[in-house]
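First up is the structure itself, then whatever we jot down about it.
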Amino acid sequence: MGFRKHIPNCITSMNALAGTIGVVFALQGRPDYGFICMLAAAVCDFCDGLAARLLGAYSPMGKELDSLADMVSFGVLPSMILIGTMQLKGVNSWTEAIPVFLAVMSALRLAKFNVDERQSTDFIGVATPTAAIICGSLCHFSLHSTALDALVGSLWFLPAVAVVLGLLLVSEIPMFGMKVAKGHKLLDAKRIVFLCAVVAILVSVVAFRLNWSLVPLGVFVFYILENLVLSAFPSRS
Numbered sequence: 661m662g663f664r665k666h667i668p669n670c671i672t673s674m675n676a677l678a679g680t681i682g683v684v685f686a687l688q689g690r691p692d693y694g695f696i697c698m699l700a701a702a703v704c705d706f707c708d709g710l711a712a713r714l715l716g717a718y719s720p721m722g723k724e725l726d727s728l729a730d731m732v733s734f735g736v737l738p739s740m741i742l743i744g745t746m747q748l749k750g751v752n753s754w755t756e757a758i759p760v761f762l763a764v765m766s767a768l769r770l771a772k773f774n775v776d777e778r779q780s781t782d783f784i785g786v787a788t789p790t791a792a793i794i795c796g797s798l799c800h801f802s803l804h805s806t807a808l809d810a811l812v813g814s815l816w817f818l819p820a821v822a823v824v825l826g827l828l829l830v831s832e833i834p835m836f837g838m839k840v841a842k843g844h845k846l847l848d849a850k851r852i853v854f855l856c857a858v859v860a861i862l863v864s865v866v867a868f869r870l871n872w873s874l875v876p877l878g879v880f881v882f883y884i885l886e887n888l889v890l891s892a893f894p895s896r897s
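Counting from 1, position 183 in the sequence shown corresponds to residue 843 in my numbering; the numbering is continuous, with no gaps.
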C-alpha cells in the first residue's frame, strides 16, 4: 500500500499539531485563537478515522497516536483555554488551577475508551471532543460578548464547568453517537430531535446576529442534556 497506509497517521499528527499551537495561543493570552485551533483539530480527528476506513489503513500505532493527539487537543487545550480566559477576565484566585482537573479526567476517559468494547457506535460518558468544544466555545463567546461577563468573571463558574464536564467524561451515562450500527435505523427519534435542535440553534444565531461560537456551544450542550434526559427516562420498548 506504500504511502497510503501512512495518510491517516499524518492527519492524526495534524490534530496534535493544531492542539499544540492552540495551547501556545492560550498561554499567550489568546484563548479564542486556541478555540479555532481546537476546531481544526476536531476536523482532523474526524478525517483520520474516515481516511482509515476508506483506505483500510488501520494500525495499532494509529490507535495510540489518535489517543495521544486527542489528549493534547481535547484534554490539555480546553484546560488551558479555561485558565487563560479566567486570567483575561481578571480572576486572580487559586480556583484558576481547578480546570486542570478536566485534563486529568480526559486522560482517564481516553484510556477507558481504548479498552471498553461497548463503545463501538455509541459512547459511555461524554466524549472528549464534546467537552472540549463546550469549553472552547463558551470561552470564545465570553471574549467576544459581554453577555456572560458576570458568570465567566466569577471565581467559581469556569472551574465548575471543568469539574462537571470532567465527571461526565468518566461517567457511565450512555451517549448516542452519529454512527449507526448495521441493522439499525439511520435516523431514530433521538437523532431526529438532535438534528432539529441543531437547525433551530443555527437559525436563531443567524437571525439574532449572535456570535457564531454560540452554535457549537448550544449544539453540544443540548446534546448532553438530551442524553441526560434519555438516561433518566429510558425507553421501555
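The C-beta atom is built at its ideal place from N, Cα and C for all residues, glycine as well.
Small disclaimer: the values here were computed from a predicted structure and weren't measured.
Item, Value
"On the premise that Leu762 lies in contact with Gly826, defined as a C-beta separation below 8 Å, what is that separation, rounded to the nearest angstrom?", "5 Å"
"For Ile784, does the three-state DSSP call read helix, strand or coil?", "strand"
"What number of angstroms, rounded off, separates the C-alpha of Lys665 from the C-alpha of Ala867?", "45 Å"
"Would you call the CB atoms of Phe817 and Asn871 closer than 8 Å?", "no"
"Could you give the first and the last residue of the continuous alpha helix (DSSP H) run that contains Thr806?", "First-last for Thr806: undefined, no H or E at that position."
"Tell me Pro834's beta-bridge partners as DSSP assigns them.", "Ile784"
"Is it right to say Phe893 is buried, meaning 16 or more other beta carbons lie within 10 angstroms of its own, or is it exposed?", "exposed"
"From which residue to which residue does the alpha helix (DSSP H) around Asp692 run?", "Pro691 to Leu715"
"Quick check: the Cα distance between Leu888 and Ile794, rounded to an integer number of angstroms?", "16 Å"
"Under a three-way DSSP split, which group does Tyr718 fall into?", "coil"
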